[in-house]
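Counting from 1 along the sequence shown, just add 1121 to a position and that's the residue number in my numbering.
A short worksheet on the structure shown next.
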Amino acid sequence: MNDNKGYKPNILIADDSEMNRAILMDMLESEYTIIEAEDGKEAISILEKRIDEISLVLLDIVMPNMDGFGVLKIMNQRKWIEVVPVIMISSESGASQVERAYALGITDFISRPFNAVIVHRRVVNTILLHAEQKKLIDLVEQQIYEKEKQNDMMINILSHIVEFRNGESGLHILHIHTLTEILLQHLLHFTDRYRMSQTEINLICTASALHDIGKIGIPGEILNKPGRLTDEEFSIMKTHTTLGASMLNDIPAYQNEPLVKMAHDICRWHHERYDGRGYPDRLKGDDIPIAAQIVALADVYDALTSERVYKKAFSHEVAIDMILDGQCGAFNPLLFECLSSSADTIQKELQNSTPNYANKKTMKNIVKEILNK
């Protein structure tokens, strides 16, 4: 059943009964490499180290230390359930138990005592089905990626022209994209106040690249001044928000395009503050579009952690503390929660940030949403 001669997929059997593990091993070891776990905690430990190597988990419900439902809960939290299929094995075949297991993402359910033919067939089918599904996801992802790549390329070229003129690092736009996505995902986890699909999240992330496009119209001596701006110079600098919005308004052929509308809102209002002390319109609270609120927070974080002509870079930890302490202006309290809870993720993702990595990740999320629907 395997294309690679000699290759045997790995199956993790998590069951506290040595006899049950031995029976399953006897049924499957001729075609699969068996990894054993005596309880749920050991299963999680193995998955942490070898998640990319395991093709299937056979999971008992009743185990000491951590039962099968505990394992499934952690697999859901860490999104492993999307990577590795799980077949639940148990003598507990009540409808409520089975329903709960399926709700937590299992692919199939096998009751004890084992029937060798049924076990073998379900294991083979599950592994084959998961492999085919992965091929389908990769195919659709590649098609969408190729379609969107040209649009993203033009936006990123334009954004990098702004960065080059502004003396900023070429990673600024990429960082804003990454930060915006992380904060949006955490926001949706914390509250249902702002409902949006993965497609809408992708739209906001793409539009975020244009947040500073208005700086094209700001004189270079102000943009790149190494010292503190005078009041008059700062007044001119602040006009980059309205300049960017006006530029987008002056593209008549695309006024009804969602991307243009989103980019307009972000350009104009990403310097507004939750307490109404921002600019240019002194909007307050949720009068500021949530997309602009998110990009504003992402922009502040990246400005703090990046070296500029007028300042040295702050560390990740210092930047987080400064923002949460209110030293960088007022933000939506929910966004403070998102920033605090995602601090470790932000540091890790920014280290991995490359244009290809960000684009591929976005496409995977869109494909997942399409397939779920």
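Just so it is clear, CB atoms sit at the ideal spot from N, CA and C, and this is done for glycine as well.
Keep in mind that this is a model prediction, so the values were computed, not measured.
| query | Measuring CB to CB, does A1158 end up less than 8 Å from I1144? | reply | Cβ distance not < 8 Å, so A1158 and I1144 don't count as in contact.
| By DSSP, does D1160 sit in helix, in strand, or in coil? | When secondary structure is reduced to three states using DSSP, D1160 falls in the coil class, being assigned neither helix nor strand.
| Per DSSP, the bridge partner or partners of R1429 | K1432.
| task | For A1135, name the three-state secondary structure that DSSP assigns. | result | DSSP places A1135 in the strand class (E or B) of the three-state scheme.
| Buried or exposed: which applies to I1387, given that a residue is buried once 16 or more other Cβ atoms fall within 10 Å of its Cβ? | Result: buried.
| message | I'd like the list of long-range same chain contacts for S1212, defined as Cβ closer than 6 Å, with 5 residues on each side in sequence excluded. | response | Listed in chain order, the non-local C-beta contacts of S1212 below 6 Å within the same chain comprise R1233, local neighbours out to five positions each way being set aside.
| task | Have a look at A1237, G1161, V1204 and T1362 and flag the residue whose alpha-carbon is nearest the alpha-carbon of T1228. | result | Closest by alpha carbon: V1204.
| task | Return the residue from the list V1421, Q1468 and I1165 that minimises the CA-CA distance to L1456. | result | Comparing Cα-Cα distances from L1456 to each of V1421, Q1468 and I1165, the minimum goes to V1421.
| request: Note down the Cα distance separating L1309 from G1348, rounded to an integer number of angstroms. | output: Here the C-alpha atom of L1309 lies approximately 40 Å from the C-alpha atom of G1348.
| query | If we ignore side chains and look at the alpha-carbon of each, how far apart do T1426 and S1436 end up? | reply | Between the alpha carbons of T1426 and S1436 lies a gap of roughly 6 Å.
| Hey, is the stretch 1358-1375 in contact with the stretch 1297-1315, meaning 3+ C-beta pairs nearer than 8 Å? | These segments do not touch.
| said: Checking 8 Å against the spacing of the C-beta atoms, do G1226 and V1207 come in under that value? | reply: Yes, these two residues count as a Cβ contact at 8 Å.
| query | Where does D1343 sit, in a helix, a strand or coil, going by DSSP? | reply | Before going further, note that residue 1343 is Ile rather than Asp in the sequence given. Helix.
| message | Checking the sheet assignment: what are the DSSP bridge partners for L1292? | response | Beta-bridge pairing links L1292 to no other residue.
| task | Kindly indicate which three-state DSSP category S1166 falls into: helix, strand or coil? | result | Residue state, collapsed to three classes: helix.
| message | Suppose contacts are defined by Cβ-Cβ distances below 8 Å. Is A1366 in contact with H1385 by that definition? | response | Taking 8 Å as the Cβ cut-off, A1366 and H1385 qualify as a contacting pair.
| task | Starting from the Cα of E1174, find the closest Cα among Y1153, H1241, S1463 and Y1315 and give me that residue. | result | Comparing Cα positions, the closest option is Y1153.
| query | Going by the CB atoms, is the gap between I1303 and I1467 shorter than 8 Å? | reply | I1303 is positioned such that its CB atom lies closer than 8 Å to that of I1467.
| query | So, is D1124 buried or exposed, given that buried needs 16 or more other C-beta atoms within 10 angstroms? | reply | Legend: pLDDT at D1124 = 49, less than 50; position of this residue unreliable, no value from coordinates given.
| said: Closest to S1461 by C-alpha separation, out of G1450, D1446, I1134 and F1230, would be which residue? | reply: Of all alpha-carbon atoms in G1450, D1446, I1134 and F1230, the one lying nearest the alpha-carbon of S1461 is that of D1446.
| According to DSSP, what are the bridge partners of M1209? | M1209 pairs with L1180 and F1230.
| message | Between which two residues does the alpha helix (DSSP H) holding K1359 run? | response | Counted as a single uninterrupted DSSP element, the alpha helix (DSSP H) harbouring K1359 occupies residues D1352 to K1359.
| What does a CB cutoff of less than 8 Å around P1340 pick up in its chain, not counting 5 residues either side in sequence? | Same-chain partners within the cutoff: I1357.
| task | Put I1409 into one of helix, strand or coil per three-state DSSP. | result | In the structure shown, I1409 sits in coil (DSSP, three-state: anything other than H, G, I, E or B).
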